[in-house]
Every structure is written in structure tokens, then in C-alpha cells.
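Following: one structure in C-alpha cells, then a few remarks.
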Amino acid sequence: MDPIVQAASVLAAALAIGLAAIGPGIGQGNAAGQAVEGIARQPEAEGKIRGTLLLTLAFMESLTIYGLVIALVLLFANPFAS
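Quick note, in this note's numbering, the sequence shown goes up one by one and the last residue is 84.
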């Protein structure tokens with residue numbers, strides 16, 4: 003593999019996992035904070051809020067996993083390698 007392509011692939015993989023982790027990380031923090039605030043305001047709705055929170059956290063975490071898959075493809079199954 004060409005060293006330039008290899009270096010670009012490593013940088014792209016790092017960028018992919020970095021961006022894929024920061025967005026859901028911020029979103030999960032905001033979602034958890036809002037859920038705690040909602041439970042504090044309406045304790046009787048705690049079960050419904052917690053269920054919705056867990057579902058949204060799972061969806062946000064799946065975005066991070068997609069970024070990891072893209073990074074692994076760029077590192078180990080590089081489509082640009084000749």
C-alpha cells in the first residue's frame with residue numbers, strides 16, 4: 003500500500019471515531035440531564051421517562067458504533083488500497 007494512502011487512512015479513521023464519539027457523548031449528557039430534571043419535576047412519570055431515556059441512549063450509542071465500524075474498515079479492509 004502506498005504510504006500516503008496508509009497515512010490518510012489512519013488519519014481518516016481517527017477523525018471518524020473522534021467525531022462519532024463526541025456527538026453522541028454530548029447528546030447522552032444532555033439527555034441524561036433532561037431526564038433527571040423531568041423525574042425531579044414529575045416523580046410519578048419516572049418509569050416512562052427512564053424507558054424513553056434508555057431507548058434514546060441505545061440509539062445514540064449505535065451512532066458511535068457505526069463510526070467505529072467505518073474506522074475499522076479504513077484500517078483493516080481499506081477500499082483505497084491498491
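Ideal Cβ positions, reconstructed from N, Cα and C, are used throughout, including at glycine. Owing to the predicted nature of the structure, the values given are computational and were not obtained by experimental measurement.
{"Item": "Residue interval of the alpha helix (DSSP H) (run including phenylalanine 78)", "Value": "48-78"}
{"Item": "Contact check, leucine 77 vs serine 11, beta carbons under 8 Å", "Value": "yes"}
{"Item": "Cβ separation of alanine 65 and alanine 16, assumed to be a contact under 8 Å, to the nearest whole Å", "Value": "For clarity, residue 65 is leucine in the given sequence; the question names alanine instead. In fact, because the Cβ distance is near 17 Å, the residues do not count as touching under 8 Å."}
{"Item": "For methionine 3 and threonine 58, the rounded distance between their alpha carbons", "Value": "41 Å"}
{"Item": "C-alpha distance - glycine 53 paired with alanine 18, whole-angstrom precision", "Value": "30 Å"}
{"Item": "Bounding residues of the alpha helix (DSSP H) (the contiguous stretch that carries alanine 37)", "Value": "5-43"}
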